[in-house]
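Take the sequence shown: its letters are residues -8 to 499, numbered as in this note's numbering. Read through the structure below, which is laid out as structure tokens, and then see the notes.
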Amino acid sequence: MTFRKVLIANRGEIALRVIRACREMGIASVAVYSDADARAVHVREADEAVRIGAAPSAESYLKGDVIIAAAMKTGAQAIHPGYGFLSEREWFARAVRDAGLVFIGPPAEAIAAMGSKTAARTLATAADVPVVPGTTAALRDADEAKAIARTFGYPVLLKAAAGGGGKGMRVVHSASEIPDALDSARREAKSAFGDDAVYIEKYIVGPRHVEIQIIGDAHGNMFSLNERECSVQRRHQKMVEEAPSVAVTPAIRQAMGETAVRVAKAAGYVNAGTCEFLLDAAGNFYFLEMNTRLQVEHPVTELVTGIDIVQWQLRVAAGEKLPFRQQDIVPRGWAIECRITSEDPANGFLPSTGTVTWLHVPTGPGVRWDSGIEVGSEVGLFYDPMLAKLIVWAPTRDAAVARMHRALLELTIAGVETSRDFHLRVMEDSDFRAGQIDIQWLERRLDSLIGATPPAHVERDAAIVAALIADRDRLEPRRTPISGGSRGSSPIVDADSWTQIGRQEGLR
Ligand code: MV4
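Structure, rendered in structure tokens:
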């Protein structure tokens, strides 16, 4: 059994990802779009498209009722929410079900169970899953916080119960800091989530962020698709993800996988989901929270397991059984993903806007490009700045890093500033190449990564790319930033210097 027609309640690369899965399975797809996306790739690639409102997400991609009406009108039987937007809204999952449609994701009850961080901790503890030492109940006052902190020692971390994304979080190093930290954590939690409940945990110093992809069907089968290493992040935004993790031994993989499946089963979970863990240097892991959606970084898992997660999401939502055996799900080779964003690393990652005037997409062995942009795409400020995901697979980690570096060199995006050059510097970094990374690594290394002088061959490649662009644009001059350059600056070089560079290098 499968669906005839599915509506995708999202935009950009993830909408395309789901459209591709539908098409390969013979399922008709319905796109939705805001006024800003009328000419977007996902709209053109779907079999049908429905306009849902104005550019701001609150007037389009967050309009659950309008989206459900579009599904009814087009005869779609199910809705895939992608990530972000409505993907983790309990009310939307419920409204889809109440409309007689299938929500391609977990039951509304499972979304609710994992939505509160303290509820998730309680559920995990009951399922005998290791969590960081701390409370599950909200703190009454500073004295209670001090008394609890004394039991496991400083540093401690105050966290918002309704939390996520690091909002309402405070690291505290001594008892005297508790009152002020508690006040400010409460204020931030109140304004961010409308709930000032704050709880306390022991602060784990220098851990990695490792997560387990799980998938379950409606017949009680649940599998771990193993880990992703997501420590390379800045301000809670992941920038590079990989699978497997250099820090995960077969024994840790098995234990973490069994733990993730236990949490998910305890939450009544069905469909694809992710359990986040902190992994410390001694190999201890602690369950943090569960993301009840398809995640941005799912492709690295697809590449090392050979399992098409999105296709299986569609099948289990339609009631199919998963045919896997856990012992067959073993990572093969290595996959790395870079999130290419329209942000300028040289300017504090300031979002950049403009029209994509040039796009050269890397291809060749082991390269995957998941993107919603093309030449002519308008990059504005209405939505997330992620332009594309560049994903590579190779037999070993060293080969995957080399392949990602090669693919990034091939990538040219002109018209907006991008993180491309920054990602090149990460691939060249000695710590990264050694796999010596933790959740603070990127921010510690930021200045040297941004200030780094690229290797000479990178400079040369960048100059050639810039010269080619200048050459082709000669008849129709443009003054647009080029992100094929070595530092995200605007290395406009004319056609003459291209020939010069070519001659110097003995190229032609
Ligand atoms: C922690 C932690 C250290 N110790 N909890 C960040 C957001 C939320 N998902 C939980 N987070 C953390 N919880 C304890 N007890 C460090 C972090 C953390 C973090 C976690 C995962 C990925 C990136 C991070 C960056 C900073 C802090």
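Idealized CB from N, CA, C, for every residue including glycine. Small disclaimer: the values here were computed from a predicted structure and weren't measured.
- Boundaries of the beta strand (DSSP E) around A263: N262 to L270.
- Between the region -8 to 9 and the region 71 to 85, the count of Cβ pairs shorter than 8 Å is three or higher; the stretches touch.
- Listed in chain order, the beta strand (DSSP E) runs fully inside the region 165 to 248 are 189 to 193, 199 to 207, 213 to 225 and 228 to 234, counting runs of at least 3 residues.
- What you get when you keep residues with a C-beta closer than 5 Å to any heavy atom of the ligand MV4 is V123, L148, G157, E192, Y194, I195, H200 and I430.
- If you draw a straight line from the Cα of P342 to the Cα of V223, it is about 19 Å long.
- Take the alpha-carbon of L372 and the one of G345: they are about 10 Å apart.
- Segment contact: the region 418 to 433 against the region 362 to 382, fewer than three CB-CB distances shorter than 8 Å; contact not assigned.
- In this structure, G426 sits near V237, with a CB-CB distance shorter than 9 Å.
- Shortest Cα-Cα distance from K(-4) to any of I5, A12, S20 and V9 involves S20.
- Judged by DSSP secondary structure, A62 falls within the alpha helix (DSSP H) whose first and last residues are G55 to T65.
- Taking 4 residues as the minimum length, the alpha helix (DSSP H) runs contained wholly in the region 262 to 321 are 289 to 296 and 300 to 308, in order along the chain.
- Taking all protein chains shown into account, P386 has fewer than 16 neighbouring C-beta atoms within 10 Å of its C-beta and is therefore exposed.
- Where G106 is concerned, the enclosing alpha helix (DSSP H) starts and stops at A99 to G106.
- A buried status is given to Q304, since no fewer than 16 other beta-carbon atoms sit within 10 Å of its beta-carbon.
- Shown here for I10: same chain residues with a beta carbon closer than 6 Å to its own, the five before and five after excluded, namely S20, E36 and A37 in chain order.
- For E81, the enclosing alpha helix (DSSP H) has its first and last residue at E81 to D89.
- In this chain, the beta strand (DSSP E) harbouring V(-3) covers K(-4) to I(-1).
- In the three-state reduction of the DSSP assignment, L433 falls in the helix class, which pools H, G and I.
- Note on S25: 16 or more other CB atoms within 10 angstroms of its CB, so buried under the neighbour-count rule.
- Within its own chain, the residues whose Cβ lies closer than 6 Å to the Cβ of R177, once the five positions on either side in sequence are excluded, are D187 and V189, listed in chain order.
- In the DSSP assignment, D420 falls outside any alpha helix (DSSP H) and carries neither an H nor an E.
- In this structure, I205 and F214 form a Cβ contact; the two beta carbons are roughly 7 Å apart against a cut-off of 8 Å.
- Per DSSP, the beta bridge partners of V162 are L148.
- Assignment of I327 by DSSP, reduced to helix, strand and coil, places it in the strand class.
- Per DSSP, reduced to three states, the secondary structure at E39 is strand.
- Taking H351 as the centre and dropping the five residues before and after it, the same chain places the C-beta of T403 closer than 6 Å to its C-beta, in chain order.
- Taking a 10 Å sphere around the C-beta of V321, we find fewer than 16 other C-beta atoms and assign the residue as exposed.
- For T403, the pairing in a beta bridge is given by DSSP as H351.
- For G125, the three-state secondary structure derived from DSSP is strand.
- The shortest CA-to-CA distance from E168 to any of P146, E232, A152 and G155 is the one to P146.
- The bridge partners DSSP lists for P342 are E334.
- By the Cβ rule, the region 134 to 146 does not count as touching the region 275 to 290, because fewer than three pairs are nearer than 8 Å.
- Going by DSSP, I5 is part of the alpha helix (DSSP H) stretching over G3 to E15.
- In terms of CA proximity to R253, G211 leads the group G211, H289 and Q228.
- By the neighbour-count criterion, in which 16 or more other beta carbons inside 10 Å mark a residue as buried, H414 falls on the buried side.
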